């Protein structure tokens, strides 16, 4: 006779970020983002609302995945190149690394970015995330140039970097024949050419 503790009844006590994201994206594809509720996602995963909120603070945040930890990784990547690498190149390398995907992750990431960029209800939330992302870039630029992170140059670098990344994503979502990394590289090359032409005599 088994005299060990009885297995827990009802819903499991824990899940994972990945399991919640997988269930959520399946529902978003089937019903649409706005017609999918937190309760729907929790039921699909087999957990309660309270458990789901331990992993993501809102339905909107599920779309962004583990964004905060990814930003920490971006900050570390920015500081990996030696100091003789230009700020432009260091930022570009870090952005490419930040957005590099395993082949198996590409379909879900396309869905993720399509929803983030094209769902009106998400735009206010996205502004907050974009601000965080720009802040990481601005912090690094300020550190390199020895200026305050709220001064014009670091803020400009943050905004321009975000614009390049979003433009690459918009193009990537419209085509299947060019990789995201190639588009990020092309955007950086175009900007570098524009700046060089602008400042040349």
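In UniProt numbering, the protein residues as written are 1 to 201. Glycine is no exception: its CB is placed at the ideal position from the N, C-alpha and C atoms. This one's a predicted model, so the numbers in the text were calculated from it and none came from an experiment.
- By the criterion of at least three beta-carbon pairs nearer than 8 Å, the region 82–96 is not in contact with the region 35–43.
- DSSP places residue 154 in the helix class (H, G or I) of the three-state scheme.
- DSSP places residue 22 in the uninterrupted alpha helix (DSSP H) bounded by 17–31.
- For the pair residue 63 and residue 116, the CB atoms are nearer than the 8 Å cut-off.
- The three-state reading of DSSP puts residue 87 in helix, counting H, G and I together.
- In this structure, the CA atom of residue 33 is about 38 Å from the CA atom of residue 151.
- With a cutoff of 8 Å on beta-carbon distance, residue 56 and residue 20 are scored as near each other.
- For residue 193, the number of other beta carbons within 10 angstroms of its own is below 16, and it is reported as exposed.
- With fewer than 16 neighbouring CB atoms inside 10 Å of its own CB, residue 58 falls in the exposed class.
- Judged by beta-carbon spacing, residue 108 lies within the 8 Å limit of residue 25, meaning their Cβ atoms are closer than that value.
- By the 16-neighbour rule on beta-carbons within 10 angstroms, residue 37 is exposed.
- If the five residues before and after residue 17 are omitted, its C-beta is found closer than 8 Å to the C-beta atoms of 55, 56, 65 and 66, all from its own chain and listed in chain order.
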